[in-house]
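Notes to accompany the following structure.
In my numbering, the protein residues as written are 2 to 602.
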């Protein structure tokens, strides 16, 4: 099946012009390392992409999606108009005034997206675990595509011990879907599906899976062989056996299954894996999943997810949250998610109902089960003029709105996309901008940006004949993109003005030899095979105050401001605090601010 049949190409004159420009990567060139490690693909002629090549591929890809939609819907397409728009968007993107998500820098404009749909373009996804076999299949497939997934721990069904003598041979297809379906088969032998059916205990045939070291062209990587999947099957079988015999709780079963799936994806060295587990405030087991005193055996894989509790009733806020504050002071977790505000408000104080019950791993996007969301990002401190900032917001909104026109290969996901068209236009370098222009000007800019993004989304939705997005703005944490551009991530202050930044790189990437020859310090990654960790000295480029110089109270205040003035989704925020000086304040700070924010860790 071909998802995108139409093609759009920037004209040669524009492409040649982009190749004459020099990218301004961040942190004295570390941004370039990030780019070549993470986003630069090998082109069909065998050469490595340069920044201009990536920009051209991404712009051609997103414009092809919109052109294809207009063709399918029999809508008018003005090539001259869209060439002019795409040219301006490409220059803004090249200058890093705005960027699509890292997922899009990597995958947009590839044959993979054209042939298999939009899954690989999405940052954020979430699912509940009520249908455990189905949700495990969906999560593994999403993680394979590079999507971060939130998982709610709400599985209530019974499990059964399968007859392991009455088996069925299951040949595993050598594909993402094949690996994911094998996990479904194994869990479904223990746990009924939505129709209360269970399959026979599977005897897996791994012979079709390509051997270790084979080329995976869609990943630009080498195959791991079947060993990581064999290990995962053994781990899942033990988890399910232990539960059937009453050794572990339902909460731990769900947590272990999804953490082990994530660990498997990471071990392949072709994808990072982001997860968040969402649990109830009164679930003592959930709250202590990362506590080595309670679950020492989990410490090998507990790191695989952030863990957050959902606050949804009065008792959660008044009784359970104060108790959890002690855990937060000691180890920073669990995070908190205010479901009341998520479902009632867009920006705080702006009533805008939402059916979301979940969130993504970094807690910047509320989501319904099986929903996904794609993000884009504005970098105001990279812009030369105020017009650059507002034009960047237009391009970012257009970009994310266009991605939502392309379906995924999951029908249940497409239903939610078609209903919500949820997007997230983020801002990074907020701490830089605030220290540079002050809070009054920051608030004014945020209000104007929100109005513009809403207006732009409505305009392009009406032109495409679809509903405008239920939510349009967010503040994401911006890990690698902030390094690429050289700004502070999201709304966070830099942890230090001077620091050693460690970057993980797979051993089979060509940049490894360049870094070794440059005598960049490195060591083996203790968590992932076939991976090295390189060390780079960095200095904050904007002389912004470090997190140590900003009180926890001021960080909470900025979080509340961004939730009130800009983000109608959520704000991803990690509060840094001095445990000795401010630890005793955390309980009161949570009580003071939780009613006006949607999430915090």
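Where is the CB? At the ideal position from N, CA and C, for every residue including glycine.
Would you report the Cα separation of residue i and residue j, rounded to the nearest angstrom?
i	j	result
residue 79	residue 428	31 Å
residue 142	residue 178	6 Å
residue 349	residue 363	19 Å
residue 444	residue 20	37 Å
residue 333	residue 165	43 Å
residue 567	residue 382	17 Å
residue 482	residue 244	41 Å
residue 121	residue 39	14 Å
residue 318	residue 312	7 Å
residue 52	residue 37	9 Å
residue 316	residue 583	26 Å
residue 13	residue 176	36 Å
residue 224	residue 215	5 Å
residue 295	residue 326	18 Å
residue 157	residue 255	10 Å
residue 63	residue 22	22 Å
residue 371	residue 123	12 Å
residue 533	residue 513	9 Å
residue 346	residue 309	20 Å
residue 502	residue 520	15 Å
residue 440	residue 540	24 Å
residue 105	residue 5	16 Å
By the DSSP assignment, the alpha helix (DSSP H) with residue i in it spans what residues?
i	result
residue 62	52–73
residue 324	322–332
residue 518	512–518
residue 451	440–465
residue 141	133–145
residue 80	80–95
residue 229	228–245
residue 286	285–288
residue 266	251–268
residue 200	Note, residue 200: premise wrong, no alpha helix (DSSP H); not H, not E.
residue 358	That residue, residue 358, is in no alpha helix (DSSP H); it is neither H nor E in DSSP.
residue 39	31–39
residue 15	13–21
Compute the distance between the beta-carbons of residue i and residue j, then report whether it is under 9 Å.
i	j	result
residue 290	residue 261	no
residue 467	residue 422	yes
residue 43	residue 137	no
residue 407	residue 129	no
residue 504	residue 342	no
residue 434	residue 97	no
residue 193	residue 233	no
residue 590	residue 574	no
residue 209	residue 172	yes
residue 246	residue 162	yes
residue 506	residue 337	no
residue 571	residue 600	yes
residue 375	residue 203	no
residue 368	residue 151	yes
residue 386	residue 431	no
Output the boundary residues of the beta strand (DSSP E) element that contains residue i.
i	result
residue 424	424–428
residue 388	Element bounds for residue 388: not the beta strand (DSSP E) but the alpha helix (DSSP H), 387–404.
residue 384	Per DSSP, residue 384 belongs to no beta strand (DSSP E) and is neither H nor E.
residue 174	Run containing residue 174: none; DSSP gives neither H nor E here.
residue 127	125–129
residue 295	Segment: none, residue 295 is in no beta strand (DSSP E) and carries neither H nor E.
residue 413	Per DSSP, residue 413 belongs to no beta strand (DSSP E); it is in the alpha helix (DSSP H), 412–421.
residue 113	Where residue 113 is concerned, there is no enclosing beta strand (DSSP E), although the alpha helix (DSSP H) it sits in stretches over 112–117.
residue 336	336–339
residue 106	Taken as a continuous stretch (DSSP letters only), residue 106 belongs to no beta strand (DSSP E), being part of the alpha helix (DSSP H) at 103–108.
residue 310	306–312
With residue i and residue j assumed to form a contact (beta carbons below 8 Å), what rounded beta-carbon distance in angstroms separates them?
i	j	result
residue 531	residue 508	5 Å
residue 132	residue 195	5 Å
residue 149	residue 275	3 Å
residue 476	residue 398	Not quite, the Cβ-Cβ distance comes to about 15 Å (not below 8 Å), so this is no contact.
residue 401	residue 425	7 Å
residue 478	residue 491	5 Å
residue 328	residue 277	Contact doesn't hold; Cβ gap of about 16 Å is too wide.
residue 283	residue 321	6 Å
residue 205	residue 183	6 Å
residue 446	residue 494	Contact doesn't hold; Cβ gap of about 18 Å is too wide.
residue 542	residue 32	Not confirmed; about 10 Å, so no contact.
residue 48	residue 110	Residue 48 to residue 110, Cβ: 16 Å. No contact.
residue 95	residue 380	Actually they do not touch by this definition, with Cβ atoms about 12 Å apart.
Runs of beta strand (DSSP E) wholly within the segment 561–595 (minimum 3 residues, chain order): Runs of the beta strand (DSSP E) inside the segment 561–595: none found.
Runs of beta strand (DSSP E) lying entirely within the segment 472–554, each at least 3 residues, in chain order: If you keep only unbroken beta strand (DSSP E) runs of at least 3 residues inside the segment 472–554, you get 499–507, 523–525, 532–540.
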